[in-house]
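Residue numbers (my numbering), protein chains in the order written: chain A, 1 to 339; chain B, 1001 to 1339; chain C, 2001 to 2339; chain D, 3001 to 3339. These notes concern the structure reproduced below.
See below:
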């Protein structure tokens, strides 16, 4: 039986979150990822810029594995921390369980050495999430990005979410990052839930796409004793996120502006704040185009401009209109990213 | 290639929605459902009260097929129009594709003769939805209830939704009912979309759980020339829905108050408005308990009070607390349904 | 000192809501309204159809009192229960305190004998609301329609709203109706709050514009022992509202379709449900045009078609575009209300 | 007649926004504010930290002008850029027109020399807003903070908002800052609207309380050629806002943590990013308590801890409960601001 999580506000400590009488599965795993770097407390280090890679499809909507390879060969030349595969930008909800695994497996193989592979393994049910997570681990994912379940909105209260993530983390072979993306799910992970879950030895971080920078600052300070790694979920607030203590970003725009985002990271780290700010300001509008404004259909069109394969989206998503494409072009031109 | 749906406001007519050069698959299907009644224009008649049946689970969260059989033996004695299987109350999002099919197959076999089986076949992608619909048809579903896709909220504009439902209806072996449940999906099907889709020969109706009675009245009058059947998605507004022209209701509360809801239907049809109104008023608060207020966990507890097997929900849904159960009991007592 | 309202769920009864040691001000008032009819328990009877009258403005946005008189001469010929003045359709938020009073005074004088005058007296603060209510009473309003305060949304919890309405009702010279209009205010009055407040001797009813018919049915049954009168806040669900026990409607569309709405009321009362339903169905779409869809600017344009003075709206409201006017015309024509 | 604003996307330029044949009223005004500093283009300089001051009330809810004086004597010792009076934290919606003017007049007199006085003059109607703005100018306000009208949400589209702010700016004797506070109004000013309005010679800036840092970065770059000054509307994201180019902050928390916020500003300006970040992180949680979480009632309680007069709120706002006060104390203690 699993230990009840009865009190949201209790402090982390004591015998910990792990089910008594059972060794945490993570122990062995941490050792097997020795090719990757670790944080000071020995956790998988997920810092840096990660593109949440778009899944390429052929005209008939089947997965274009060859195009995925080609894209990755280009991305491998950029100083990314690693890849997010099967995130929202990967249209994971439109893929069967088998497809989700296969794409992860393919990305693991195509990634350059040293790149961390974060696999989006969230499903609506806890049991499916656990199974998906471990199957993704089996094909080589280094950690799993677990989105909040969201269908029964009234039922996804804090107690339910803590229980869900705790069970998944208890039973997962690889470390877990929480994933909050209220724009898609309608569920915004409560800071109290995140702080409680940051105490779990197998929950190592958070990707937050909500964009509330004050929330992120509060989380950084509230979880710092747990070596908890917080990642900005969008390029729109990457620099402010670094400033208040985030360790990196999972940025849709990195699918085509990966070098620029890594440059931004470097400018920040070198203390060149003015240049970093200028770059950040230029990135906001193009980033909005490939995220909130035109979504994955916009993202895939913009990828083509930068030499990547974008290709079609899966139905019911629709391609953007020619008017929308024109707006995108104007925005990218005004920002100086295309000519 | 499929015919483009270029104009939301065009009137239905002309060469129709069906892909040219291809016979609609429904022709043969209509004949095969001869055990069921038809509307004046020959469509499957889905009028009446339908419980959207809860999927029973064992303690280990596996499906309790024996309990499902037992519940159905009791429900079969009530004058339901049929059953909705794998709707929101069936926790369909927590089941694998295989489980979803198996439960439909089981319900088809356990249903009394003449009961219409409406199977919830919606998936996020169009291709998965078509496959699921036809697999459910293969195991005996009479029609499919297709929920709106909802993950990429910004992308689920009217154009995308019309395209999705048109493709599914084109390729489905059985008739389709649209399913709008904004409380769960965050997507409220626009009347314009519904009116356009009501012209499709294989889209025979709508289940609307939004509760906007004025919207329903408008839809009834706007789709009446298409023999389009509109069903109330909750017992909370069943009588008003009948009054303004709906043909029936898919009511979560019918899992335990099925007889009472069929009584309400009869009182309305017999013109006993005063008695119908009294019953409707008594049903509102208990219905709210097993839907909006406490959801499926509340529904399953209340089922036990009426001799049905409720059992556990699947995680991450959590059982209701004892305080919540007390509130539910008070409400059901005050309304006179338990003592 | 005022009696604390400490418990939301307590039953009505005991020494009542009125401050001990002080006679309720309403006693004398009830006597003075003898020209109007009363309910069985002696309360002011507010049943029937009420137009929430549009405030006519001249081109320079000053109030066109002469046009108001002309409109009222036409409305006086219709079997309305009375008038709502300074409701949302009256653009009350765009008028100074003095203007709000003057328009009420004018309507009181211009109304035919026997018409009940419900005056919208809500302000953000409790003290301003009390003063406004009593000043409107002084110029002849029979009862006040008090909208929920809404600016500090986080602070307008149930405790605050109960306190506000209780203080207003305690100190008002005339009876109070609660007014919930979430589309404008973002605040949807909780049924629990309404039920508690229905026990107050000076709170005689509710106008609810939210359109949740199940909520209304629940409120009718839960407040029936308090002689509490519930009014539909829109013509879009007038017949269903009557059916489940509402006593009337405050319907924006009554500004131009007053006769038709009174006909609907009569058809319902005569048991001619089929005709009533037909009329209700026809009214939904035009009603949506002059409420949710195009608001007061749409309402004022449509009034002109029916021989009333509509005139300009006050800035920042903008006139509807010619395209929007065409849509409205099509809708009114298809519904058979104009030719 | 006023020049029509027909095209949201046109570039600023040409003969400008001002009504032809009429001199802008601001010309003379700019000269009269010579005691204050100006930006490079000669506009009033509103950079720095501004407390949006709480309006102190006596027990009977009348305005406690003596307490206001005392508070200001303390605030005057802090290096604030100036004061915001009659903002959301000033409970302006609960004050009569006369009271709003009197409080502004009082603050003007009590402010130390060189402090900029920004007066909240927004009303629902354009005409009332213009009158209020000019009356506040007459009693000495240096600029007006004009909140978005919000009652008719459906009618407050971009066209209406551009028209409103243009008319107000055209007719105002003092410069205008736009004020977007979606948490209270439900209206989030669209970047396109802001960019268009930034071209108006009498609209000099924006206070944005929405907290979307990416939006602010985009606005900074898009309006920089217009010498447009953007202010963070909360202390929760003050440092990130400075980083991406905001000129200051209007921070509720400055009512009691004014020195700390001015310290934060200085640390940022001196390039001491690490110290600034630490301070920013500590401020987030206490700031949330006195804004989103417990609102003005929380703010006024916390003010007392720091030697200011807080006093009661006006009804219908309610004092916080003792449990809420305890939570606030814990948060302020953990953050090290009280002991």
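Quick reminder that beta carbons are idealized off the backbone N, C-alpha and C, glycines included.
- As the crow flies, the alpha-carbon of residue 267 of chain A is around 38 Å from that of residue 3114 of chain D.
- Only 149, 151, 152, 153 and 154 from the segment 132–154 of chain A bring a Cβ to less than 7 Å from some Cβ of chain B.
- Taking a contact as a CB-CB distance under 8 Å, the pair residue 3249 of chain D and residue 3075 of chain D does not count as one, their CB atoms being some 15 Å apart.
- Partner residues in the beta bridge of residue 3230 of chain D, as assigned by DSSP, are D:3206.
- Short of 6 Å from the beta carbon of residue 3306 of chain D, and not among the five residues preceding or following it, lie these beta carbons of its own chain, in chain order: 3256.
- The beta carbons of residue 2129 of chain C and residue 2120 of chain C sit no closer together than 8 Å.
- In the DSSP annotation of this structure, the continuous segment of the alpha helix (DSSP H) that includes residue 3104 of chain D starts and ends at 3097–3110.
- Sequence-distant partners of residue 1191 of chain B (beyond 5 residues in either direction) whose C-beta falls short of 8 Å from its own C-beta, in its chain, are 1215, 1218, 1219 and 1222.
- The Cβ atoms of residue 143 of chain A and residue 44 of chain A lie closer than 8 Å to each other.
- The Cβ atoms of residue 3205 of chain D and residue 3180 of chain D lie no closer than 8 Å to each other.
- At a Cβ-Cβ threshold of 8 Å, residue 1093 of chain B and residue 124 of chain A count as neighbours.
- One thing to note: residue 2107 of chain C has its Cβ no nearer than 8 Å to the Cβ of residue 2081 of chain C.
- From the listed residues C:2039, C:2293 and C:2090, the smallest Cα separation to residue 2064 of chain C is found for C:2090.
- DSSP, reduced to helix, strand and coil, places residue 116 of chain A within a strand of the structure shown.
- Between the alpha carbons of residue 1247 of chain B and residue 2197 of chain C lies a distance of about 37 Å.
- Residues of the same chain with a CB within less than 8 Å of the CB of residue 1237 of chain B, apart from the 5 flanking positions on each side, are 1211 and 1213 in chain order.
- Approximately 30 Å separates the beta-carbon atoms of residue 2134 of chain C and residue 2309 of chain C; this is outside 8 Å, ruling out the contact.
- In the three-state reduction of the DSSP assignment, residue 3144 of chain D falls in the strand class.
- The Cβ atoms of residue 3200 of chain D and residue 3232 of chain D do not sit closer than 8 Å to each other.
- Residue 3179 of chain D is bridged by DSSP to D:3147 and D:3207.
- The straight-line gap separating the alpha-carbon atoms of residue 3339 of chain D and residue 3254 of chain D is approximately 19 Å.
- Excluding residues up to 5 positions away in sequence, 3312, 3314 and 3315 lie with their Cβ nearer than 8 Å to the Cβ of residue 3061 of chain D in the same chain.
- Boundaries of the alpha helix (DSSP H) harbouring residue 3130 of chain D: 3126–3138, taken from the DSSP string.
- With respect to chain D, the C-beta atom of residue 257 of chain A has no partner C-beta closer than 8 Å.
- Sequence-distant partners of residue 3242 of chain D (beyond 5 residues in either direction) whose C-beta falls short of 6 Å from its own C-beta, in its chain, are 3268.
- Between the C-alpha atoms of residue 279 of chain A and residue 3208 of chain D there is a straight-line separation of about 22 Å.
- Residue 227 of chain A is outside the set of residues whose beta carbon lies under 8 Å from a beta carbon in chain D.
- For residue 49 of chain A, the enclosing beta strand (DSSP E) begins and ends at 48–50.
- Under the three-state reduction of DSSP, residue 1060 of chain B is assigned to coil, being neither helix nor strand.
- Beta-carbon to beta-carbon, residue 1251 of chain B and residue 1239 of chain B are separated by about 12 Å, too far to satisfy the 8 Å threshold.
- Residue state for residue 3239 of chain D is assigned as helix, using DSSP reduced to three classes.
- The Cβ of residue 2089 of chain C sits no closer than 8 Å to any Cβ of chain D.
- Relative to the Cα of residue 3077 of chain D, the nearest Cα in the group D:3154, D:3088, D:3112 and D:3102 belongs to D:3112.
- Partner residues in the beta bridge of residue 2250 of chain C, as assigned by DSSP, are C:2050.
- Spatial neighbours of residue 1295 of chain B in its own chain (CB-CB distance under 8 Å, excluding positions within 5 residues in sequence) are listed in chain order as 1317.
- A direct Cα-to-Cα measurement between residue 2226 of chain C and residue 1126 of chain B gives close to 53 Å.
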